[in-house]
Amino acid sequence: MNQTQTLSRDAADVTSSAPPARRRYRRWGDLPVGPRRALIILAMLGAWQAAVAIFQVSPLLVSPPTEVGLALLEGFTSGTLAAATATTLKILLGSMLIGMVLAAAFTTLATWTKFGEDLLVLLTAMLNPLPSIAVLPLAILWFGFTTTALVVIIANAVIWPISINVSMGFRTVNPTCLAVGRNIGLSGWRLVRDVLMPAALPHTLSGLKTGWAFGWRTIIAAELVFGVAGGGGGLGYFINDARYFLRIPDVFAGLVTIMAIGIAIELAFSAVERRTVVKWGMKES
Amino acid sequence: MRHTPTEQATTPPARYPLLSVRNVQLGYTMQGQRHIAVEDVSFDVMPGEKIMLLGPSGCGKSTLLKTVAGFLTPFQGEVSLAGRRTLAPGPDRAVVFQEFDQLFPWRTVRGNLVYPQRVNGRSKEDAGRRADEYLDLMRLTPAADRYPHQLSGGMKQRVAIARALALDPMVLLMDEPFGALDAQTRSRLQDELNEVADRTRVTILFVTHSIQEAVYVGQRVVVLSRPPSTVVDVLDVSELNDPASPAFTDALMRLRSMLTEDEAELETVAFE
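Chains as they are written, first to last, in the working numbering: chain G, 122 to 406; chain F, 61 to 332.
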C-alpha cells in the first residue's frame, strides 16, 4: 500500500499532469523506469536459474545465478577477486593517466602548430583503427611479461580517441565566444583555461568516454593472454585461471564484475555530464 | 523625453572626440589579393554620444566595428580612443554581438556578468554588487541564476548588454545586436537601450542596417555607401524620437534615398 502511493507520486512528478489520486498501472509504460528495469533483470535471472535447473545443464558449462552470487561473495570476502579487480583498475588508471598527459601534449601541439595538426591527424588515422591488443606481441617482445608492456598498449589504446576528440573540440569552439573572451581582456593561457577548455568540454568528455572504453576492453583482453605480471593477476587472468581449474562460478563472477565496473563508470560519466554539459545546454541529455 | 539637447549641453564641452576613425581602409586578403570593402571612412564619436553606422549589406560596417574593437587591423588609416591608438581588443570597447551564443553557456546569467569584471581586477564583492545593479537595470534579476540556454533570444541580448555595461567601457560597441530578434522584441529592446543609455550616459557606436533603428536609437547617423564604401553623409537625428512625427518620417525617407540612390535612380524618384 505504502509503496503504491510512493509510485504514484513519482509518476505524477514525471507527467506533472496526473491528479494526486491513486493511479492504476495498466500498461508497462506507466511504470517508472527504475522498477521497469529491475523487473526485467529479475526476470532474466529467474529464467537463467530455471533454465539451468530444467535442462540439467552441465555445471562445467553454465553456473546458475545463485552459485555465481556465492562465488562473487566468496571472491570479495576472501580477497582473490577483489585483488584481481584492484590490479586491473590500478594498471588501467595509471595507463589512462599517461595516455591523457600524452594526449594533452599532442592536442596542444595540434592546436598551436599546423605541423602538429598534420602529425596528429596522420597518427590517429593510422593507429586508431589498429586494435591495441594487436600490438601486445610486440610489446611483450620489447618489455617482456612486465606491467610496462600492459601500460604501453593501454596508453596507446587511450591516447588517440582522446586526442582526436579534444583537438576537434578546440578547433570547433564557437568563434563568438572566443571573440568575447578576447574582448573582455583574456589572452594566452587564461583564454585557453577559461574559454577554450570549458567550451571544448563536451568533446573532451566524449573523448574520455571512448578512451576509457577502448582501454577497458584492451586490458581485459591483454590479461587473458598475458597471465600474471609482477605482483598478481588482474580480472582477465582471474577468469582464465578459473576456467583452467574448472571453477566455472568464478568465471561467471569475473564476467559479472567486469560488467558491473563498466556500468559504474558509464554512470559516473553520465553523472558528470548531467552536472556540466547537460546542465549548461551544451549537450542533449 | 529621451535624448534631449539640454542633456548633451550639461556634459562638459566635448571638443575632443572620444573615439576617432581616420581615413580607414579595410578589406580582406584572398590568395594574395586585397579586396577592399571600406575605401576611406572617417568619423568622430563624442563622449556620451550614440552614433549609428548605417549602410547597405556588404558595405563593411560590421568589419569597421570589429576594427574599432581591435579584432582587425586596417590596411590604412587609424582608430584612436581618447587620443591613443588602440590595437588589441579590450574591455574599454566592450562589444555586444548579434549572435545569441555570445554568452558563456557554462556560467549563469549572473556569472556571465561577474566573471568579466573579475578578469579586469574587480574584487568579488565589487563585481557581484555591480552585476546585481546591471541585472536590475536590464530587468534580469529574476533570471540571475538561470543558464543562457534557458533564456529567450531577447533575454540573451539583454544579458550581453548588461555584461558589456558592467565592464564600464569607454565606448559600447554594438554589432546589429537586435538583428536576429523578432520585430516586437526588437522595438522593446530599442526602448530599453535608449533608457539605459540615458541613465548611464554611455557612449555607443551601433551598427545597423535598419533605417528605423538608426533614427530611433541614434543621435547621429553615419551613412556608408556600397562597397568599396565611403561616408555618404552624417545626419543629426538626436531630436527625432517619435516615430509618428513627420520629421521622423522625413529622416527615414532621406536616409532611404541616400541608401538607394547609388543603386537605382528610379527607386529614389519613386520615393519622392
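Glycine residues also receive a C-beta, built at the ideal position from the N, C-alpha and C atoms.
**Prompt:** Going along chain F, which residues have a C-beta under 8 Å from G:Lys404?
**Reply:** Here the question's residue 404 of chain G lines up with position 283 in the first sequence. None at all; the shortest Cβ gap to chain F is about 10 Å.
**Asked** When DSSP labels each residue in this structure, what does F:Ser102 get in the three-state scheme?
**Response** Your numbering for residue 102 of chain F matches position 42 in the second sequence. Of the three classes helix, strand and coil, the one that applies to F:Ser102 here is strand, per DSSP.
**Prompt:** With G:Thr293 and F:Phe157 assumed to form a contact (beta carbons below 8 Å), what rounded beta-carbon distance in angstroms separates them?
**Reply:** Position 172 of the first sequence, counted from the first residue, corresponds to residue 293 of chain G. Position 97 of the second sequence, counted from the first residue, corresponds to residue 157 of chain F. So it is not a contact: roughly 18 Å between Cβ atoms.
**Message:** Closest to F:Leu197 by C-alpha separation, out of F:Gly213, F:Leu284 and F:Leu173, would be which residue?
**Reply:** For the purposes of this step, residue 197 of chain F is identified with residue 137 of the second sequence, where counting begins at 1. Between F:Leu197 and the set F:Gly213, F:Leu284 and F:Leu173, the nearest pair of CA atoms involves F:Leu173.
**alpha helix (DSSP H) segment containing F:Val256, residue limits** = Within the second sequence, the letter at position 196 stands for residue 256 of chain F. From DSSP, the alpha helix (DSSP H) with F:Val256 extends over Ala243 to Thr260.
**Request:** Could you spell out where the alpha helix (DSSP H) holding F:Gln272 opens and where it closes?
**Result:** Indexing the second sequence from 1 puts residue 272 of chain F at position 212. Counting along the chain, the alpha helix (DSSP H) containing F:Gln272 begins and ends at Ile271 to Val277.
**Item:** Supposed close pair G:Ala270, G:Phe291 - CB separation, criterion 8 Å
**Value:** For this step, residue 270 of chain G is matched to residue 149 along the first sequence. For this step, residue 291 of chain G is matched to residue 170 along the first sequence. About 32 Å separates the beta carbon of G:Ala270 from that of G:Phe291, a gap too long to meet the 8 Å contact definition.
**Request:** Can you say whether F:Thr70 is buried or exposed, counting buried as having 16 or more other CB atoms within 10 angstroms of its CB?
**Result:** Residue 70 of chain F sits at position 10 when you count from the first residue of the second sequence. The pLDDT assigned to F:Thr70 is 49, lower than 50, so where the model puts this residue is not dependable; a value taken from the coordinates is nonetheless given after this. Counting every other CB atom within 10 Å of its CB across the protein chains shown gives F:Thr70 a total below 16, marking it as exposed.
**Request:** Please name the residue, chosen from F:Gln210, F:Ser183 and F:Tyr88, that lies closest to F:Gln136 on a Cα-to-Cα basis.
**Result:** Numbered from 1 along the second sequence, position 76 holds the residue referred to as residue 136 of chain F. Among F:Gln210, F:Ser183 and F:Tyr88, the Cα nearest to that of F:Gln136 belongs to F:Tyr88.
**Message:** Quick check on the DSSP output: the beta strand (DSSP E) that includes F:Ser80 runs from which residue to which?
**Reply:** Locating residue 80 of chain F in the second sequence gives position 20, counting from the first residue. For F:Ser80, the uninterrupted beta strand (DSSP E) segment begins and ends at Leu79 to Met90.
**Request:** Determine the chain G residues that contact F:Asp161 at a beta-carbon separation under 8 Å, and present them in chain order.
**Result:** For the purposes of this step, residue 161 of chain F is taken as residue 101 along the second sequence, with counting starting at 1. Per Cβ cutoff of 8 Å: Asn295, Thr297 and Cys298.
**Prompt:** Can you name the start and end residues of the beta strand (DSSP E) that F:Ser140 belongs to?
**Reply:** Taking the first residue of the second sequence as position 1, residue 140 of chain F is located at position 80. Counting along the chain, the beta strand (DSSP E) containing F:Ser140 begins and ends at Gln136 to Leu141.
**Message:** Would F:Pro134 pass as an interface residue toward chain G - the criterion being a Cβ-Cβ separation below 8 Å?
**Reply:** On the second sequence, position 74 is the one that residue 134 of chain F refers to. Not closer than 8 Å to any Cβ of chain G, the Cβ of F:Pro134 fails to qualify, so no.
**Asked** Applying a beta-carbon distance threshold of less than 7 Å, which residues of chain G neighbour F:Val155?
**Response** What you label residue 155 of chain F is simply residue 95 of the second sequence in a count that begins at 1. Here the neighbours are Asn304.
**Message:** Judging by CA-CA distance, which residue of F:Pro208, F:Val256 and F:Ile264 is the nearest neighbour of F:Asp161?
**Reply:** As a position in the second sequence, residue 161 of chain F is number 101, starting the count at 1. Taking only the C-alpha atoms, the option nearest F:Asp161 is F:Pro208.
**Prompt:** So what's F:Lys110 in DSSP terms, helix, strand or just coil?
**Reply:** For the purposes of this step, residue 110 of chain F is identified with residue 50 of the second sequence, where counting begins at 1. In the structure shown, F:Lys110 sits in a strand (DSSP, three-state: E or B).
**Prompt:** Roughly how many angstroms separate the alpha carbons of G:Leu193 and G:Thr245, rounded to a whole number?
**Reply:** Looking up residue 193 of chain G in the first sequence gives position 72. Looking up residue 245 of chain G in the first sequence gives position 124. Cα to Cα, the separation comes out at about 39 Å.
**Request:** Could you tell me whether any Cβ in chain G is nearer than 8 Å to the Cβ of F:Pro287?
**Result:** Here residue 287 of chain F refers to the residue found at position 227 of the second sequence. The Cβ of F:Pro287 sits no closer than 8 Å to any Cβ of chain G.
**Request:** Measure the beta-carbon distance from F:Ile264 to F:Leu315 and round it to whole angstroms, keeping in mind my assumption that it falls under 8 Å.
**Result:** The count along the second sequence starts at 1 and reaches residue 264 of chain F at position 204. The count along the second sequence starts at 1 and reaches residue 315 of chain F at position 255. Contact annotation, F:Ile264 with F:Leu315: C-beta distance approximately 18 Å; criterion of less than 8 Å not satisfied.
**Residues in the region 198–224 of chain F having any Cβ partner in chain G nearer than 9 Å** = Tyr207, Pro208, His209, Gln210, Ala220, Arg223 and Ala224
**Prompt:** Out of curiosity, what's the CA-to-CA distance linking G:Asn277 and G:Ile219?
**Reply:** Taking the first residue of the first sequence as 1, we reach residue 277 of chain G at position 156. Taking the first residue of the first sequence as 1, we reach residue 219 of chain G at position 98. Distance between the alpha carbons of G:Asn277 and G:Ile219 is about 9 Å.
**Asked** Can you name the residues of chain F whose CB is closer than 7 Å to the CB of G:Leu312?
**Response** Counting from 1 along the first sequence, the entry for residue 312 of chain G is found at position 191. What G:Leu312 touches in chain F: nothing, since even the nearest Cβ is about 10 Å away.
**Request:** Buried or exposed for F:His95, please, with buried defined as at least 16 other CB atoms from any protein chain shown within 10 angstroms of its CB.
**Result:** Against the second sequence, residue 95 of chain F aligns to sequence position 35. Exposed, by the Cβ-count rule.
**Request:** With DSSP as the reference, label G:Thr267 as helix, strand or coil.
**Result:** What you label residue 267 of chain G is simply residue 146 of the first sequence in a count that begins at 1. Coil at G:Thr267, not helix or strand.
**Message:** So that I know if they touch, is there some Cβ in chain G lying closer than 8 Å to that of F:Arg314?
**Reply:** Within the second sequence, numbered from 1, the residue matching residue 314 of chain F stands at position 254. Chain G, which has no Cβ nearer than 8 Å to the Cβ of F:Arg314, makes this no.
**Prompt:** Is the Cβ of G:Pro67 closer than 8 Å to any Cβ of chain F?
**Reply:** No information on residue 67 of chain G is available, as it lies outside the stretch 122 to 406 that chain G covers here.
**Asked** Taking the runs of the alpha helix (DSSP H) that are 4 residues or longer, which of them lie wholly in the region 160–204 of chain F?
**Response** 169–179 and 184–197
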